[in-house]
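Since the structure comes first, as structure tokens, the remarks are kept for the end.
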RNA sequence: GCCCCCAUCGUCUAGAGGCCCAGGACGGCGGCCCUUCAAGCCGCAAGCAGGGGUUCGAAUCCCCUUGGGGGCACCA
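In our numbering, the protein residues as written are 21 to 512.
Take a look at the structure:
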């Protein structure tokens, strides 16, 4: 089924890609893999002012983390290299020359200050801000003179003053028509010699043989310009599809101010890439009326443009957390153990007093006890959940550690009896522990819950912990007895 | 101010005229399980923005209103 689908993800290196941005990359990737086509990475760095150091690396890192491998790109090369716009300047200049020659473009000498003043006037008069085309009327002599004088200039597109509406045949929205009268003469080449997005994007999609442009909805309003440009350059336009955008909780376009929006921050927050992948795929697309957890391969198999939703979606972090928990629980235990171990050994994990490296066998043993309780792999969360397995003594919120509703004396009696019962216990296993502790509660005539609660608090330092017998068994006799003695001394 | 897009539970969505007094999921609430906390299981509350048409029949088609969003740079 391999036709010649070629799609691209074309970010500009201005910072860490945020989740909305990456969702666009994901849909492109899915479509490429679904059709057996190519997924191209192209860097749109035509604005020198906004270039951000490290941004390129962040783009690579984001795509790699999510597992979106590209077939052609700056680092990989490909048949249409280079894949960085700042290295393709001659191409844009050629195109601009052609347009100038055929008189579908012209030089404009208006200064930024003039344009700014023009816009302000229009705004005040409640007019749409648009370039008034004053340089379009320049006589040839005048134009030549200014050119010779070396005045700063830009190249603008000569948008038809009238004519039929430009209609976009959008893959997700159907036909969208724009009157040419609402379009102005946009800039193609900036005074610094760099192209604008409009020019670069059209030239590159054409020269790179891109067949489908799947980009965010915010581009829809400038699409008629691109179509006009394709026409003027006699290029066949690619198929276009505008994807719904992702909104922040306040319903505005996702931006820095919405907390964790950078994809890589979610890695920091302990989100699994597979969970993020699944979650993002379902933000604006669905398989059917019920599927939530779906594998990468099924996604590739079933992805389709037809099932892309038209309306914008709000990023729902709660659901992502739930989904992450699902993926965490599906992880093979040894893999989960590696993640947990890494978090615990992190500088913000266990305190330095706990010797490293940690015993990986011990970590593996605690996995069954914590896997249902983890929502993320965030260092803080893992540490909070697991630290009592390692700290000697564990942290007690209040001293002495007596469960609320239980007299100190009663607690001491219960723990003394427990100590006595556990000291000689032969196999220190969950069932053996249960075998002595249940009868012990009866012998002390306290409720089992009460006794277990007291032991739990003494041994783990908390009121809520994994099942007691399993926990005791994993901790092992030495630790358990030492902790009991320690607490008894505090209660004594 | 002008242009464009969108509109089903709080959120993500299913629904392409009768299968829908609208299905799933997250979250919320309640219960079961139970030594606590989770996980798991069961249940409940919660929605077709409003108004006109079209039709035997409308969440689904058309129009208007309203609401939300996006765009209008020598940024992408």
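Glycine residues also receive a C-beta, built at the ideal position from the N, C-alpha and C atoms.
Going by beta carbons, residue 185 and residue 197 fall inside the 8 Å limit.
Under the DSSP assignment, residue 448 falls outside any beta strand (DSSP E); it carries neither an H nor an E label. Under DSSP, residue 440 takes part in no beta bridge, so it has no partner. Taking a cut-off of 8 Å on C-beta distances, the region 460-479 does not touch the region 396-407, as fewer than three cross pairs fall below it. The criterion of a C-beta distance shorter than 8 Å is satisfied by residue 431 and residue 474. Residue 369 has its alpha-carbon roughly 13 Å from the corresponding atom of residue 409. Separation of the CB atoms of residue 411 and residue 374 is rounded to 7 Å, and the pair is thereby assigned contact status at 8 Å. In the structure shown, residue 235 falls within a strand segment according to DSSP collapsed to helix, strand and coil. Only exposed fits residue 131, as fewer than 16 other CB atoms lie within 10 angstroms of its CB. Residue 472 is a Cβ neighbour of residue 488, given a cutoff of 8 Å. With contacts defined by Cβ atoms closer than 8 Å, residue 283 and residue 42 form a contacting pair. For residue 345, the enclosing alpha helix (DSSP H) starts and ends at 337-350. Residue 278 places its beta carbon 8 Å or farther from that of residue 236.
Taking C-beta atoms as the reference points, residue 361 and residue 378 count as a pair closer than 8 Å. Under the 10 Å beta carbon count, residue 429 is surrounded by fewer than 16 other beta carbons and is classified as exposed.
Assignment of residue 458 by DSSP, reduced to helix, strand and coil, places it in the helix class. By the beta-carbon neighbour count (other beta carbons within 10 angstroms, threshold 16), residue 92 is buried. Comparing C-alpha distances from residue 79 to each of 55, 137, 29 shows the shortest one belongs to 29.
Taking every protein chain shown into account, the CB of residue 82 has 16 or more other CB atoms within 10 angstroms, so this residue is buried.
DSSP, reduced to helix, strand and coil, places residue 241 within a helical segment of the structure shown. The beta carbons of residue 85 and residue 60 sit no closer together than 8 Å.
At a Cβ-Cβ threshold of 8 Å, residue 176 and residue 206 count as neighbours. If you draw a straight line from the Cα of residue 37 to the Cα of residue 322, it comes to about 26 Å. Ranked by Cα distance from residue 77, the first of 442, 35, 67 is 35.
Apart from the 5 residues on each side of it in sequence, residue 217 has no Cβ closer than 6 Å to any other Cβ in its chain. Approximately 5 Å separates the beta-carbon atoms of residue 223 and residue 115; this is inside 8 Å, confirming the contact.
In the DSSP annotation of this structure, the continuous segment of the alpha helix (DSSP H) that includes residue 401 starts and ends at 399-406. The region 332-350 and the region 263-271 touch, with no fewer than 3 CB-CB distances between them shorter than 8 Å.
Put simply, the backbone Cα of residue 113 is about 10 Å away from that of residue 208. Assigned with DSSP and collapsed to three states, residue 190 falls in strand. Contact holds between the region 117-125 and the region 240-260, because three or more Cβ pairs, one in each stretch, are under 8 Å apart. Look at residue 87 here: in three-state DSSP terms it is coil, with no helix or strand label. Distances from the alpha-carbon of residue 359 to those of 219, 394, 371, 330 put 394 closest.
The beta carbons of residue 143 and residue 149 sit closer together than 8 Å.
As the crow flies, the alpha-carbon of residue 399 is around 38 Å from that of residue 67.
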